[in-house]
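Asks: Dumping the structure here so I can ask a few things about it.
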Amino acid sequence: MVPSCGIFFSRLTLMNATTIWTKACDQIMQIINKSQYEAWFATLRPLGLERDTLLLGVDNDFKQTWIEENYRDVIASALQVASGGDSVPFRFVVSMEDAGGVDAAELLPTSAPLKSPATAKRRPRMQPTLAANLNPHFTFEEYVIGPSNSFAHAAATAVAQAPGRTYNPLFIYGQTGLGKTHLIMAIGHRAVQNDPETRVAYVTSEALLNEYIDAIQKNAVTEFRNRYRKVDILLVDDIQFLVGKQRLQEEFFHCFNDLHMKGKQIVMTSDRPAREIDGLEQRLVSRFESGLVTELECPDFETRMAILRYKQSASKVVLSDACMTFIAQHVTSNVRTLEGALLRAITFTTLNPHPLTPDNLQNLLKDVLTQETQEDISFDEIQRIVAEHFDLRLTDMSSKRRPRSVAMPRQVAMVLCRKLTRSSLPEIAKAFGKTHATVIHACKLIKVIIETDPDLAKQIYAVVRKLGRDPKDIDF
């Protein structure tokens, strides 16, 4: 008999639960990567069955809540496969002991009911307006690593393990949609996971500006300062938007100094290196570059495929290898666009009775593919078009000659390589036989020329059109 006030497990039901869970784990390991499995599933174990519900033992409240919020669908799908196609209801029991053959009620405080995700104890938060806005999916476990981001990932992991003691500040830059926000939020998640008392603040530059304006209007600047100077880790997204806000730059300068002197961790992201951010005070540039600066680059084909497979595993739709390969081959600009293309393909498959093939996928993604094709341009083509337009030899693009008639077109070519390709500064510098500092100088100089010399600006725009681009689409 099963007592009305407790839960009894017979040897038979425990054996069945163990068998089902073992098979489910095999399925889960095919869906998620090894680090995710070891972090969240390795210590899960079946306690038995309560009526028709499988009880899974988890070793703390935090892990219970995290798995409920992020992996419940994965577990449900795996259990369904393991049971031969039937849905298996399940819930978690927080326990630090092996539960084999005992009453599960003994594993919990006698006065405490089994906790649901809604009532499970959360780790301490500094203020909901600060740390609570970390995206729960932006973790290291859900970050797909490849050659384009492995160094930045390693740096972020090191920072999360020892905030304020290594790589402080950490400055991550890269084009839109490459995962900068994901990476810095992962730092916050991991730091709090390691020490629940860690006070983490994540904020965008735009939100920081709005809060600052609001503080001024309400005569609450002191409270504003305290909110960000009493954190252990400050994560600031899109720092380039501080440009043009002199009072906010002043405020952030003092906040940065205060946190740094206290040994608190500062992490920032931008779409370009700090020294390329025109209008950013030099004292801020020097501080932003005083720690570790790392770039996120566009993912290669293998990484794009890994991202697609990982994202697809979270859905109930399985795309063919041909369709997955098509997306990875043709959507190369950034991760955000890649995920958007996958979502569109999954939605089509869900709503359309006809199978998705590369042919109809091409039509489905025609607007995305058009944009991707426009971005496909090489250094050689840019150098050739620039040299032809300014009546130079192609070798002048990488020569050491410095007459203005050669140097200025060469600088134009550098800038166009920066604006029309997804290559890094060192890659561009290498193509011209220069340093990345020379490329940065060229970007600033050409920007000034376009703003002050209409005749030269027309020449530059003419080159852009010869490359098949619209000058209006380029932010010099």
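Position one of the sequence shown corresponds to residue 33 (the working numbering), numbered consecutively onward.
In this text, a Cβ means the ideal position worked out from N, Cα and C, and glycines have one as well.
#1: Which of helix, strand or coil does DSSP assign to Gly26?
#2: If I follow the unbroken alpha helix (DSSP H) through Pro486, where does it start and stop?
#3: How is Gly220 classed by DSSP in three states: helix, strand or coil?
#4: Starting from Glu327, trace the beta strand (DSSP E) both ways and give me its first and last residue.
#5: Could you give the first and the last residue of the continuous alpha helix (DSSP H) run that contains Pro458?
#6: Shortest alpha-carbon distance to Gln394 belongs to which of Arg376, Val480, Ile481 and Phe183?
#7: May I have the straight-line CA-CA distance separating Arg77 from Gln62, to the nearest angstrom?
#8: With distances taken Cα to Cα, identify the nearest neighbour of Tyr260 among Arg442, Thr97 and Val232.
#9: Check for me: the alpha helix (DSSP H) holding Leu241 runs from which residue to which?
#10: Can you have a look at Asp264 and say buried or exposed, based on whether 16 or more other CB atoms are within 10 angstroms of its CB?
#11: Beta-carbon separation of Ile506 and Val495 under 8 Å?
#12: So which of Gly295, Val349, Leu340 and Val317 has the shortest CA-CA distance to Ala360?
#13: Starting from the N-terminal side, write out each stretch of the beta strand (DSSP E) that is 3 residues or longer and does not extend beyond the stretch 69-98.
#14: Quick check on the burial criterion: 16 or more other C-beta atoms within 10 angstroms. Buried or exposed for Lys212?
#15: What distance in whole Å lies between the Cβ atoms of Lys296 and Leu266, which are believed to be in contact at a cut-off of 8 Å?
#16: In the structure shown, what three-state DSSP assignment does Arg123 receive?
#17: Measure from the alpha carbon of Leu312 to the alpha carbon of each residue in Gly89, Gln278, Ala463 and Pro195, then state which is nearest.
#18: Output the boundary residues of the alpha helix (DSSP H) element that contains Ser182.
#19: State whether the stretch 374-388 contacts the stretch 341-357, with contact taken as three or more CB pairs (one from each stretch) at a distance under 8 Å.
#20: Taking only the alpha-carbon atoms, compute the straight-line gap between Ile204 and Lys95 and give it to the nearest angstrom.
#21: If you measure between the beta carbons of Asp58 and Ala346, is that distance less than 8 Å?
#22: Just to confirm, is the Cβ distance from Met217 to Phe284 under 8 Å?
Replies: The answer reads as follows:
#1: This structure gives no information on residue 26, because the portion of the chain shown stretches from 33 to 508.
#2: Pro486 to Lys498
#3: helix
#4: Leu324 to Glu327
#5: Leu457 to Phe464
#6: Arg376
#7: 18 Å
#8: Val232
#9: Ser237 to Gln249
#10: buried
#11: no
#12: Leu340
#13: 77-82 and 85-90
#14: buried
#15: 7 Å
#16: strand
#17: Gln278
#18: Ser182 to Gln193
#19: yes
#20: 29 Å
#21: no
#22: no
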